[in-house]
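For reference, the structure discussed in these notes is given below.
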Amino acid sequence: GQQVMQIPQYQHVQEGEDFTTYCNSSTTLSNIQWYKQRPGGHPVFLIQLVKSGEVKKQKRLTFQFGEAKKNSSLHITATQTTDVGTYFCAGGNTGKLIFGQGTTLQVKP
Amino acid sequence: GAGVSQSPRYKVAKRGQDVALRCDPISGHVSLFWYQQALGQGPEFLTYFQNEAQLDKSGLPSDRFFAERPEGSVSTLKIQRTQQEDSAVYLCASSLDGFLNEQFFGPGTRLTVL
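Note that the protein sequences, when read in sequence, are chains Z and G.
Mapping the first sequence onto my numbering, position 78 (from 1) lands on 78, and the numbers just tick up by one.
Mapping the second sequence onto my numbering, position 70 (from 1) lands on 1070, and the numbers just tick up by one.
Structure follows, in structure tokens:
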């Protein structure tokens, strides 16, 4: 069946450093969504990408959707302690979202 | 308005017991999704409703799992004869219409089967 893989599983950075998480699907996606889950919390929607090659920015966060619509990335510039949490990509296909296993970001002040 | 609510927030069951988990979606949201999240993993799709119609139940792990949304609003996920491997957080999410819209998640129900 369809799989969505995310790397790395964990990332520890010093505050101010950049961070990137990558998402790869075994099949072409209709859309990709990114969510953030704080420890003990529930996933919260960040953004959706739909078009091939699409790039969207939210302040220090940059999201990309690959040309083949099979991969995506989230890049955070100059991380802050408030960025701590687990970032999930979720690929859409056949009417549902398939979540990756997430990248947990730790930021050392 | 209020977000997605789920009850109970925590449930401890003995192996073999039946449990029922409730989800109240955001008012007016047509689509409702159930996910299972194991520790350290991403949410895993269980089932999806469009109004009262269950359009996809391909993620339900076994026939012990049953979900319903009889009036197109509140949904219940029922697990019969619980097993230890059913221990997880069960998340409910709703969206305006379908998977191409932002999903709003509830706080989840943490189920522990002893």
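Backbone N, C-alpha and C fix where the C-beta goes; we use that ideal spot for every residue, glycine too.
When the cut-off is 8 Å and only beta carbons count, does residue i lie next to chain G?
i: residue 99 of chain Z; result: yes
i: residue 48 of chain Z; result: yes
i: residue 63 of chain Z; result: no
i: residue 122 of chain Z; result: Summary: the structure shown does not reach residue 122 of chain Z, with chain Z confined to residues 1 through 109, and so no result is reported for it.
May I ask you to list the residues that DSSP assigns as paired with residue i?
i: residue 1032 of chain G; result: G/1049, G/1094
i: residue 62 of chain Z; result: Z/57, Z/75
i: residue 7 of chain Z; result: Z/22
i: residue 1026 of chain G; result: None, per the DSSP bridge assignment.
i: residue 103 of chain Z; result: Z/87
i: residue 1110 of chain G; result: G/1010, G/1089
i: residue 81 of chain Z; result: Answer by DSSP bridge pairing: none, since residue 81 of chain Z is not bridged.
i: residue 51 of chain Z; result: According to DSSP, which records beta bridges pairwise, residue 51 of chain Z is partnered with nothing at all.
i: residue 1019 of chain G; result: G/1079
i: residue 92 of chain Z; result: Z/31, Z/97
i: residue 17 of chain Z; result: According to DSSP, residue 17 of chain Z bridges with nothing at all.
i: residue 42 of chain Z; result: The partner list for residue 42 of chain Z (beta bridge, DSSP) is empty, contrary to what the question assumes.
i: residue 1105 of chain G; result: G/1093
i: residue 1054 of chain G; result: G/1049
i: residue 36 of chain Z; result: Z/44, Z/87
i: residue 1099 of chain G; result: Answer is none; residue 1099 of chain G lacks a bridge partner.
Residue i CB to nearest chain Z CB: under 8 Å?
i: residue 1036 of chain G; result: no
i: residue 1072 of chain G; result: no
i: residue 1042 of chain G; result: yes
i: residue 1055 of chain G; result: yes
i: residue 1010 of chain G; result: no
i: residue 1045 of chain G; result: yes
Using a Cβ cut-off of 8 Å (strictly closer), state whether residue i contacts chain A.
i: residue 75 of chain Z; result: Note that chain A does not occur in the displayed structure, where the protein chains are Z and G.
**Request:** Closer than 9 Å, Cβ to Cβ, to anything on chain Z: give me those residues from the region 1091–1111 of chain G, in chain order.
**Result:** So the close ones are 1091, 1093, 1098, 1099, 1100, 1101, 1102, 1103, 1104, 1105, 1106, 1107, 1108.
**Item:** Selection of the region 26–43 of chain Z by Cβ proximity to chain G, strictly under 9 Å
**Value:** Answer in chain order: 30, 31, 33, 35, 37, 41, 42, 43.
**Asked** Below 8 Å, can you find three or more Cβ-Cβ pairs linking the region 1011–1027 of chain G to the region 1076–1096 of chain G?
**Response** yes
**Message:** Tell me which residues of the region 77–102 of chain Z have at least one Cβ-Cβ distance to chain G shorter than 7 Å, keeping chain order.
**Reply:** 88, 92, 95, 96, 97, 98, 99, 100, 101, 102
**Three-pair Cβ contact test at 8 Å for the region 53–62 of chain Z versus the region 72–92 of chain Z** = yes
**Prompt:** For the 8 Å Cβ check, are there 3 or more pairs between the region 1061–1069 of chain G and the region 1003–1010 of chain G?
**Reply:** no
**Message:** Assess contact between the region 1009–1018 of chain G and the region 9–25 of chain Z, defined as three or more Cβ pairs (one per stretch) separated by less than 8 Å. Is contact present?
**Reply:** No contact exists between the region 1009–1018 of chain G and the region 9–25 of chain Z.
**Request:** Determine contact between the region 1097–1105 of chain G and the region 1064–1079 of chain G, defined as no fewer than three beta-carbon pairs at a distance below 8 Å.
**Result:** no
**Item:** Inter-stretch contact at 8 Å, needing at least 3 Cβ pairs: the region 89–99 of chain Z / the region 25–42 of chain Z
**Value:** yes
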